[in-house]
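So in this note's numbering, the last spot in the sequence shown is 191, and the numbers never skip.
Here a beta-carbon is modelled for each residue, glycine too, at the ideal position from N, C-alpha and C.
From a predicted model like this one, the values you see are computed outputs, not experimental measurements.
Single-structure report; data block below.
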Amino acid sequence: MNDTNHAKDQAAVQLSSLRDMLAALDCDFDRLEELRNIRKLPLNEWADNGYDADEWTELEDAAGDCESQEDARQRIQEDPLSVQVRSGWHNVGETSEPEEFEILLCTGGPAVRIMGELDEYNQPSRAYIQYQDWGTPWTDYFEEGVTATCLEYAQQFYFGG
31 MNDTNHAKDQ AAVQLSSLRD MLAALDCDFD RLEELRNIRK LPLNEWADNG YDADEWTELE
91 DAAGDCESQE DARQRIQEDP LSVQVRSGWH NVGETSEPEE FEILLCTGGP AVRIMGELDE
151 YNQPSRAYIQ YQDWGTPWTD YFEEGVTATC LEYAQQFYFG G
């Protein structure tokens, strides 16, 4: 019997990707460029110019393939398949404001999405990740830090009218 849950595994992969994109967005690209320039100097001059190997490694890891914060921001904006909002119940003839959002990350079997609520300023106030496979219901994915990661990712999008 095979107990593999491909949808749950895909949610973990998507969450890891979100964390990588957010790390790149938070990366200090100016300092990374300084350290890259120091590495071009002769080895005996590195320490005199403030080179820190651990810091350089950490920043390179955070930056990933991005060369700037704008690259990181663009990668996030281009990541989801769709970003949608919906409103709650209201009387006929009244207009309504968006109350919830969905960011679809992948679809098919398996599918993964981020769901959440919007505050009065159309900013995400709560976010969580869900997964599903063919014939299964949407299921919340739980892991340490998942809510904070989803919220930070969702805050990179505009949900206003």
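Alpha-carbon spacing of residue i relative to residue j, whole angstroms
i	j	result
M31	A42	Confidence at M31 is low in this model, with a pLDDT of 41, below 50, so its placement is unreliable and the value that follows should be read with caution. Rounded to the nearest angstrom, the two C-alpha atoms are 22 angstroms apart.
F131	E97	30 angstroms
L111	L45	15 angstroms
L48	G118	28 angstroms
E150	E75	54 angstroms
E174	M145	17 angstroms
E129	T166	26 angstroms
D84	L62	12 angstroms
Member of the options whose CA lies at the smallest distance from the CA of residue i
i	options	result
Y161	P140, E150 and L181	P140
L89	L71, E64 and I106	E64
P152	P167, G123, D163 and A184	Correcting the residue type first, residue 152 is Asn in the shown sequence and not Pro. It is A184.
C57	D95, N67 and G80	D95
Q186	E127, A102, S126 and V122	A102
E9	L148, A92 and V113	Since the displayed the chain opens at 31 and closes at 191, residue 9 lies outside it and no answer follows.
Chain C contact for residue i (CB, 8 angstroms cutoff)
i	result
L181	Checking the listed chains, one finds no chain C in this structure; it contains a single protein chain.
Three-state secondary structure assigned by DSSP to residue i
i	result
S47	helix
V122	coil
N32	Low confidence applies here, because N32 scores a pLDDT of 47, under 50, leaving its location unreliable; read the following figure in that light. In the structure shown, N32 sits in coil (DSSP, three-state: anything other than H, G, I, E or B).
Bridge partner(s) assigned by DSSP for residue i
i	result
I159	I144
Q114	E132
Would you call the stretch 130 to 149 in contact with the stretch 38 to 56, where contact means no fewer than 3 C-beta pairs closer than 8 angstroms?
yes
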